[in-house]
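Working notes, structure below.
2 protein chains.
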Amino acid sequence: MQKPRLMTPGPSSVPEDVLLELARPVIHHRSAEAKQVIVEVAAGLKEVFQTQNDVLILTASGTGAMEAAAVNSVPPGSKALVLNAGHFAARWADICKAFGINAVMLDTEWGQPVDPAQVAEALKQHPDTACVMGTLSETSTGTGHPIEAIGKIVAQTPALFAVDGISGVGAMECRPDAWGIDLLCAGSQKALMLPPGLAFISVSPKAWAKIDAFDSKSFYFNLKSARKKMKEFDTPYTPAHTLILALRTSLRRIKEEGIENVWTRHRLMSEACQAGVRALGLELFSSRPAEGLTAFRVPEGLKDGDIRKGLVDRFGVTTVGGQGKIKGQIIRIGHMGYTDEIDVVAGLAALELVLHNLGYKLTPGAAVTAAQQVILGHKPAAVSK
Amino acid sequence: MQKPRLMTPGPSSVPEDVLLELARPVIHHRSAEAKQVIVEVAAGLKEVFQTQNDVLILTASGTGAMEAAAVNSVPPGSKALVLNAGHFAARWADICKAFGINAVMLDTEWGQPVDPAQVAEALKQHPDTACVMGTLSETSTGTGHPIEAIGKIVAQTPALFAVDGISGVGAMECRPDAWGIDLLCAGSQKALMLPPGLAFISVSPKAWAKIDAFDSKSFYFNLKSARKKMKEFDTPYTPAHTLILALRTSLRRIKEEGIENVWTRHRLMSEACQAGVRALGLELFSSRPAEGLTAFRVPEGLKDGDIRKGLVDRFGVTTVGGQGKIKGQIIRIGHMGYTDEIDVVAGLAALELVLHNLGYKLTPGAAVTAAQQVILGHKPAAVSK
């Protein structure tokens, strides 16, 4: 028997009741029933995003929401400051290049968090910056960036702050209204516990002012059209409405647990996973780990492919390796969405056994025990919903 | 009891085995298993599209494929001839406007087919046309346009021929390679028997030559990126891969039936539905009906909303009304994808009963009998696969 355990940093596991929604007979997307689903989902998304702003729904990969953020609010020829600290942060630069936006790169070593003081300095050097483009959780390095501190700096300038929250929203604390995030992007296949196919974007009043003042060259990703339709609890074009129906169920789960408790659970899973990995003498890749995934360096003498193949072939545990310039150097374990602390312990147990079989010296049980100790000791106070 | 019968011209019913694929545990989209799905789906799409060209997969509504066709191949400032004969044809013009393409409108009365001779004449008047933008099946009016004849005219010019086949591909005969269609767009939620969320586009060598010669401002919908990834049976960004998995099952169904038999079935459903509607003294809206839906005028003295409400409330039959300038004037019945001739008869039976209850004079059984006679008499020869 091989039991699948999807422990990648997206797509993540989808709860059984959410999957079953997807198997329901299809309804019409302009029916009263479909509209009622959007009414409920619109409220649920605001809660997960912790925002008073509308959260718009796009039928696209998360990258579609990033493109929407850029093309609607940053005119060609104007300047964007890209907080370039990983593979996905670099996507902001690729988007800028495609649409003639002048990207100024603030490079940070992969695995390190962006330094807010450097952002402040860069904004002084480039006072004409139209948009700062950052990342809440850099999926390629497993790093959580100090978005609150950066947001409060950007908020004091005329620049917008666009944040890729694709693997962060719903996994890590994020408060766009309080933190000054003007455009926050998310995808369905991470902490929102759905298959891929939907993207989300929240838009602040500061961003709307820029968007409304600019006749952007956009159609499918035109946010003004999406806003207009969202006011009627509708979408432009035919949305992936069966995914929206399933989203209702996953949002109900999040509401039931309470978003702050969801964040706490992810922090606990993250700390447990980090403790387990360190107990095996492995090195974390990031100095400021994200909370939806853990990245560690492949130990000397072993190959990432052998470890990952052992995990999936013997125990069904799917993980991913490094991307771009760190391909082969790291392994990333996802623990976001429909995952609890014991899933993390189970994943660590599999990792121990596979490493042991590959000849890596370890004390069996060390990772598991370390993770359990975190779970026991952490005892986070339940946060009222 | 109310049994749902989705008879809208998209989304259409999804077969039970396809729905169950969507309820399977999610796998990773870069796994060998996911790649194997794309290998099979790539071949299946070529068969449904009847093309030797790659059919690229986009995570988007069908409109996303239309935008991709336009932005990748038609530079801003150049000229497009829009075959403007309905609500969705007009979407081509909206896309042109958004991206600075100069749209020349060839207007045709809604419900009438575009006249190929007029297209030839317009191309003589506008020899600098970069792209002709047309529609295989105009969903808003239920009209099938003579795309073969038009394609053969466009093929003799330097212009590309982009066709919205969203409600046409898989429902009506369409042979892009033989007919000279350079960019053919489709969506998942019509004759391909899936929920919405995926779009498809086939690209001819003539179109690739233009696309390759033009550094288009596009990122998410960049067709060069999609082509590059498709060569490795992959997609740029995270696709809606559970929909692609389900697509494999629906494409297997189409392969089993044979695409030409699928077209024959749709033609038969269309003719049966038309005969039934006419037998009730109702007037078809289109002079050249499409084969995936039938549109008829609301009879004098009745309201479209009352008829549609009666259909859905009493018999679960969901239909749609008119869009844009013909709102309230027509009712559209979809019969595409996972629908057979007896579904059409059942829909007509419901229509008879509802019209009768609303006081419309008819002979009960007239529509049903007329449709049955078509089914009996048509006896299409099975086409070898």
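If you read the protein sequences in the order shown, they are chains F and L. If you're matching positions, the first sequence starts at 1 in the UniProt record's numbering and goes up one per residue. If you're matching positions, the second sequence starts at 1 in the UniProt record's numbering and goes up one per residue. Backbone N, C-alpha and C fix where the C-beta goes; we use that ideal spot for every residue, glycine too. This structure is a prediction, so every number in the text was calculated from the model and none was measured.
Query                                                                                                                                                                           : Result
If we ignore side chains and look at the alpha-carbon of each, how far apart do W110 of chain F and T339 of chain L end up?                                                     : 53 Å
In whole angstroms, what is the alpha-carbon distance linking A366 of chain L and L282 of chain L?                                                                              : 12 Å
Are there 16 or more other CB atoms within 10 angstroms of the CB of K190 of chain L, so buried, or fewer, so exposed?                                                          : buried
Is it a yes or a no for the stretch 172–184 of chain L touching the stretch 38–55 of chain L, going by three-plus beta-carbon pairs under 8 Å?                                  : yes
With 8 Å as the threshold, decide whether the Cβ of D212 of chain L is near any Cβ in chain F.                                                                                  : no
Along the chain, where does the alpha helix (DSSP H) that runs through D343 of chain F open and close?                                                                          : E341 to N357
K217 of chain F CB to nearest chain L CB: under 8 Å?                                                                                                                            : yes
Residue ranges of each beta strand (DSSP E) run of no fewer than 3 residues wholly in the stretch 180–222 of chain L, ordered along the chain?                                  : 183–187 and 198–203
Taking the continuous beta strand (DSSP E) assigned at M7 of chain F, which residues delimit it?                                                                                : Counting along the chain, M7 of chain F falls outside any beta strand (DSSP E), and DSSP gives it neither H nor E.
Since I333 of chain F sits in a beta bridge, which residues does DSSP pair it with?                                                                                             : F:T294
Are the C-beta atoms of D94 of chain F and some chain L residue less than 8 Å apart?                                                                                            : yes
Which residues in the same chain as S61 of chain L place their Cβ atom closer than 7 Å to its Cβ, once the five residues preceding and following it in sequence are excluded?   : G187, P196 and A199
Is any non-hydrogen atom of the ligand SAH found closer than 7 Å to the C-beta of V163 of chain F, if you look at the structure I gave you?                                     : Among the components modelled here there is no ligand, and therefore nothing to report on the ligand SAH.
If I measure Cβ to Cβ from S287 of chain L and keep anything under 6 Å in the same chain, skipping five residues before and after, which residues do I get?                     : Q112
Going by CA-CA distance only, name the one from L:D115, L:A162 and L:T139 that's closest to K206 of chain L.                                                                    : L:A162
Under 9 Å Cβ-Cβ, which residues of chain L neighbour Q36 of chain F?                                                                                                            : Near Q36 of chain F there are no residues of chain L at all, since even the closest Cβ is about 15 Å away, more than 9 Å.
Contact check, P76 of chain F vs V114 of chain F under 8 Å by CB: the rounded distance?                                                                                         : P76 of chain F to V114 of chain F, Cβ: 25 Å. No contact.
Give, in chain order, every unbroken run of the beta strand (DSSP E) that is at least 3 residues long and sits entirely within the stretch 73–116 of chain L.                   : 79–84 and 102–107
Can you give me the C-alpha to C-alpha distance between R30 of chain L and L311 of chain L, rounded to a whole angstrom?                                                        : 45 Å
To the nearest angstrom, how far is the alpha carbon of L284 of chain L from that of A295 of chain L?                                                                           : 6 Å
Does the separation of the CB atoms of T318 of chain L and M7 of chain L fall below 8 Å?                                                                                        : yes
Just to confirm my understanding: we take L358 of chain F, look at its own chain, exclude 5 residues before and 5 after, and list those with CB closer than 8 Å. What are they? : L302, D306, I307 and G310
Can you grab the Cα-Cα spacing for the pair I150 of chain L / C96 of chain L, in whole Å?                                                                                       : 20 Å
Between T135 of chain F and Q274 of chain L, what straight-line distance do the alpha-carbon atoms span, to the nearest angstrom?                                               : 55 Å
Starting from G134 of chain L, trace the alpha helix (DSSP H) in both directions and tell me its first and last residue.                                                        : Per DSSP, G134 of chain L belongs to no alpha helix (DSSP H); it is in the beta strand (DSSP E), T129 to T135.
Got a sec: is the Cβ-Cβ distance from F99 of chain L to anything in chain F below 8 Å?                                                                                          : yes
State the DSSP-derived secondary structure class of V163 of chain F, mapped to helix, strand or coil.                                                                           : strand
Which whole-angstrom value describes the C-beta separation of R248 of chain F and V41 of chain F, a residue pair presumed to lie in contact below a C-beta threshold of 8 Å?    : 5 Å
Run through the stretch 15–77 of chain L for me and flag every whole beta strand (DSSP E) of 3 or more residues, listed as ranges in chain order.                               : 55–59
Let me know the secondary structure DSSP gives P176 of chain F once reduced to three states.                                                                                    : helix
Using beta-carbon positions only, say whether G334 of chain L and P9 of chain L come within less than 8 Å of one another.                                                       : yes
According to DSSP, is E138 of chain L helix, strand or coil?                                                                                                                    : strand
Let me check one thing: in DSSP terms, what residues is T157 of chain L bridge-paired to?                                                                                       : Bridge partners of T157 of chain L: none, in fact.
Consult DSSP for L302 of chain F and reduce its assignment to one of helix, strand or coil.                                                                                     : coil
Using a Cβ-Cβ cut-off of 7 Å (strictly less than) and excluding sequence neighbours within five positions of I27 of chain F, which residues of its own chain qualify?           : E33 and A34
What's the gap between the Cα of residue 404 of chain F and the Cα of S140 of chain F?                                                                                          : There is no way to answer for residue 404 of chain F, as the model of chain F reaches only from 1 to 385.
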